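Q: Okay, handing you the structure first.
Numbering (my numbering), first residue to last: -2 to 208.
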């Protein structure tokens, strides 16, 4: 394969260092529009991108992350062998803190509720649980994010998806006033100030089987 899509996909990297330069609003809108074309179950289009512009909002999330980190360290210290758990916590904290200083920061999630297939069957009298309905929304989130990131590469921008900070937060929606949103990750965006090496990919034999 040697197409523009292949070029964008192989060029994408997780960027954690950015140039001190504002991201044009027009570029963001183009990326969001591209992300909005991702498929979703019953075309529900549940994915939402919340740009965290306010420094107060960023500071509140950062403070809550630090509080959650300290709480988990306190739990770890009660273990018989705490060092391993504390090292893991420190590692993910170190690689999460940069997000609050990124040129653009988004909380990305899916709207709660909606009439999924499993929910409709439950209402019809056939119990199916809600796990598959949640899975469908998570798949929608991933598909949308992939297009968002490829759009960033096309614009000369870099991104990084972060889920670790959510483990330091006690709510599935860390932004006050958006309680109907289940946040699945944070995404940073900006002009790259680093060129990470290719991390390598597993060979096709490991990811493509026939049954």
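Note that beta-carbon positions come from the ideal geometry of N, C-alpha and C, so glycine has one too.
As the structure is a computational prediction, the values presented were derived from the model and not from experiment.
Measuring straight from C-alpha to C-alpha, what distance separates residue 15 and residue 64?
A: C-alpha separation (whole angstroms): 26 Å.
Q: Between which residues of its own chain and residue 179 is the CB-CB distance below 7 Å, once the five residues before and five after are set aside?
A: 106, 107, 109, 169, 170.
Q: Indicate the three-state DSSP secondary structure (helix, strand or coil) for residue 189 in the structure shown.
A: Looking at residue 189 - three-state DSSP - the assignment turns out to be strand.
Q: Taking only three categories from DSSP, how would you classify residue 31?
A: The answer is helix: DSSP assigns residue 31 an H, G or I state.
Q: Go ahead and pull the three-state DSSP assignment for residue 208.
A: Here residue 208 sits in coil by DSSP.
Q: Taking 8 Å as the threshold (C-beta atoms), are residue 139 and residue 38 in contact?
A: No; because the gap between Cβ atoms is not below 8 Å, this pair is not in contact.
Q: Would you list the one or two residues that DSSP bridges to residue 103?
A: According to DSSP, residue 103 bridges with 48, 184.
Q: Could you round the C-beta distance between residue 149 and residue 160 to whole angstroms and report it? I think they count as a contact, below 8 Å.
A: That pair is no contact at about 18 Å.
Q: Measuring CB to CB, does residue 47 end up less than 8 Å from residue 163?
A: No.
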